[in-house]
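Worksheet for the structure shown next.
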Amino acid sequence: MAIKERINPFDKTLRNEIGEKAIKLTNKYLYPFVTGRFAPEDVVFLNYGYEEDPPLGLPLEADDEPNRECINLYHRTAAQVDLEGKGVLEVGCGHGGGASYVKRYLRPASYAGLDLNPAGIDFCRRRHLVEGLDFVQGDAEDLPFPDESFDAVLNVESSHCYPHFSTFLTEVARVLRPGGHFLYTDCRVTRSVVEWEDDLANAPLRMLSCADIEPQIARGMKAGRAGTEAVLSRTMPAYLRGLARMQAEWGQKTLTKGNLAYRVYCFQKD
3 MAIKERINPF DKTLRNEIGE KAIKLTNKYL YPFVTGRFAP EDVVFLNYGY
53 EEDPPLGLPL EADDEPNREC INLYHRTAAQ VDLEGKGVLE VGCGHGGGAS
103 YVKRYLRPAS YAGLDLNPAG IDFCRRRHLV EGLDFVQGDA EDLPFPDESF
153 DAVLNVESSH CYPHFSTFLT EVARVLRPGG HFLYTDCRVT RSVVEWEDDL
203 ANAPLRMLSC ADIEPQIARG MKAGRAGTEA VLSRTMPAYL RGLARMQAEW
253 GQKTLTKGNL AYRVYCFQKD
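Each residue of the sequence shown is one higher than the last, beginning at 3 in this note's numbering.
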């Protein structure tokens with residue numbers, strides 16, 4: 003029995019580890035590769051979808067409608083406070099679709115999108131020509147901005163990629179003005195939740211709200227699955243589709259089985 007348990011490839015812990023490694027490989031290699039070589043101009047979101055019951059029903063322009071579920075997650079996170087007229091930084095902006103949405107619909111005075119991937123930043127600068135919207139290449143754990151530069155910092159489904167999450171939180175607090183807000187959503191596998199919560203509790207920020215949104219994420223992923231499959235088929239060579247599909251399928255299965263915590267937070271700097 004002990005030998006069987008050691009070599010069992012279907013062990014639950016092993017499956018979770020394989021899923022997590024697929025995500026890490028995707029973040030490290032697939033996103034930059036796809037952005038630099040395959041991403042068409044319409045692939046502007048990289049996050050999971052979100053949908054409420056009844057549906058959120060955001061009024062969107064026709065060009066934004068294909069990305070409704072991904073936009074819903076940005077809206078749920080960013081609209082926790084009034085951003086109109088504010089200075090906003092998004093850390094981990096990906097392909098910039100969320101940055102464009104927030105700038106155009108929630109009307110902050112200025113919006114800076116930062117990402118570690120230089121190919122992604124080049125894509126954003128070419129694709130999103132919106133007044134007051136700028137993109138910067140940089141590290142989430144060493145933000146290239148002076149102290150107290152922003153009224154709000156937004157982070158959507160990106161922090162699980164950071165090697166030192168607590169360092170990122172310290173940087174968020176540093177660049178926020180007093181009274182500014184950290185608007186945040188992300189996920190962790192069950193065994194990582196305690197460490198996640200400890201890091202958030204020890205951050206130099208005050209938690210105003212926290213909500214579990216696993217059902218809404220699962221509903222959004224289901225609603226947007228056909229579109230995701232179409233994008234994979236259109237943009238990626240066959241040898242990369244499997245890795246991206248594995249990430250999406252693992253996330254959905256882990257979420258629906260209760261092995262993945264997905265939350266949205268609002269923090270404030272005193």
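From the three backbone atoms N, C-alpha and C, an ideal C-beta is built for every residue, glycine too.
Distance check for residue j and residue i, CA to CA, integer angstroms please.
i: glycine 59; j: aspartate 65; result: 16 Å
i: asparagine 74; j: leucine 257; result: 18 Å
i: tyrosine 76; j: valine 104; result: 8 Å
i: phenylalanine 40; j: asparagine 119; result: Reliability of the predicted coordinates at phenylalanine 40 is poor, the pLDDT of 48 falling under 50, and the value obtained from them is presented with this limitation in mind. Those two C-alpha atoms are separated by around 15 Å.
i: leucine 135; j: arginine 128; result: 12 Å
i: arginine 190; j: valine 266; result: 12 Å
i: valine 196; j: glutamate 67; result: 37 Å
i: leucine 210; j: cysteine 268; result: 5 Å
i: aspartate 84; j: alanine 121; result: 31 Å
i: proline 148; j: leucine 156; result: 17 Å
i: histidine 166; j: valine 45; result: 29 Å
i: glutamate 199; j: cysteine 212; result: 11 Å
i: glycine 87; j: glycine 94; result: 22 Å
i: phenylalanine 47; j: proline 57; result: 20 Å
i: glutamate 53; j: glycine 100; result: 16 Å
Nearest CA to the CA of residue i: which residue from the options?
i: alanine 220; options: Val45, Cys72, Glu67; result: Cys72
i: valine 174; options: Gln218, Glu54, Arg265, Arg208; result: Arg208
i: glutamine 270; options: Asn204, Glu199, His183, Ser160; result: His183
i: histidine 162; options: Val155, Ala142, Pro148; result: Ala142
i: aspartate 201; options: Glu216, Tyr164, Leu85; result: Tyr164
i: aspartate 214; options: Tyr186, Ala114, Pro206; result: Tyr186
i: proline 217; options: Val196, Asp55, Gly100, Glu86; result: Asp55
i: glutamate 133; options: Phe125, Val93, Tyr113; result: Tyr113
i: glutamine 82; options: Ala225, Gly94, Ala154; result: Ala154
Please return the same chain residues whose Cβ sits closer than 6 Å to the Cβ of residue i, not counting the five positions on each side in sequence.
i: isoleucine 123; result: Asp117, Phe137, Gln139
i: histidine 130; result: Gly98, Ser102
i: glutamate 159; result: Asn49, Asp188
i: asparagine 204; result: none
i: threonine 79; result: Val158, Leu185, Thr187, Val266
i: leucine 145; result: Glu173, Val177
Leaving out five residues before and five after residue i in sequence, what residues of the same chain have Cβ atoms less than 8 Å from its Cβ?
i: threonine 192; result: Gly260, Asn261, Leu262, Ala263
i: leucine 62; result: Arg70, Ile73
i: proline 180; result: Glu150, Lys271, Asp272
i: lysine 6; result: Confidence at lysine 6 is low in this model, with a pLDDT of 35, below 50, so its placement is unreliable and no value can be given for it.
i: proline 206; result: Leu171, Thr172, Ala175, Lys271
i: serine 194; result: none
Using C-beta distances below 7 Å, list every residue in its chain close to residue i, excluding the 5 sequence neighbours before and after it, in chain order.
i: phenylalanine 152; result: Gly89, Val90, Leu91, Val177, Leu178, Arg179, Gly182
i: alanine 225; result: Gly51, Glu53, Glu71
Does any CB atom of chain C fall closer than 7 Å to the CB of residue i?
i: methionine 209; result: Within the model displayed, chain C is absent; a lone protein chain is all it includes.
(message) Below 8 Å, how does it come out for the region 99-111 and the region 167-185: are there three or more Cβ pairs, yes or no?
(response) Here the region 99-111 does not lie against the region 167-185, with fewer than 3 beta-carbon pairs under 8 Å apart.
(message) Going residue by residue through the region 57-102, where are the continuous alpha helix (DSSP H) segments of at least 4 residues, counting only ones entirely within it?
(response) Along the length of the region 57-102, whole alpha helix (DSSP H) runs at least 4 residues long occupy 70-80, reported in chain order.
(request) Entirely within the region 175-230 and at least 4 residues each: give me those alpha helix (DSSP H) ranges in chain order. (result) For the region 175-230, whole alpha helix (DSSP H) runs of length 4 or above, ordered along the chain, are 195-203, 216-225.
(request) Would you list, in sequence order, the uninterrupted beta strand (DSSP E) runs of no fewer than 3 residues that lie entirely inside the region 108-169? (result) Entirely contained in the region 108-169, the beta strand (DSSP E) runs reaching 3 residues are, in chain order, 112-117, 135-139, 152-158.
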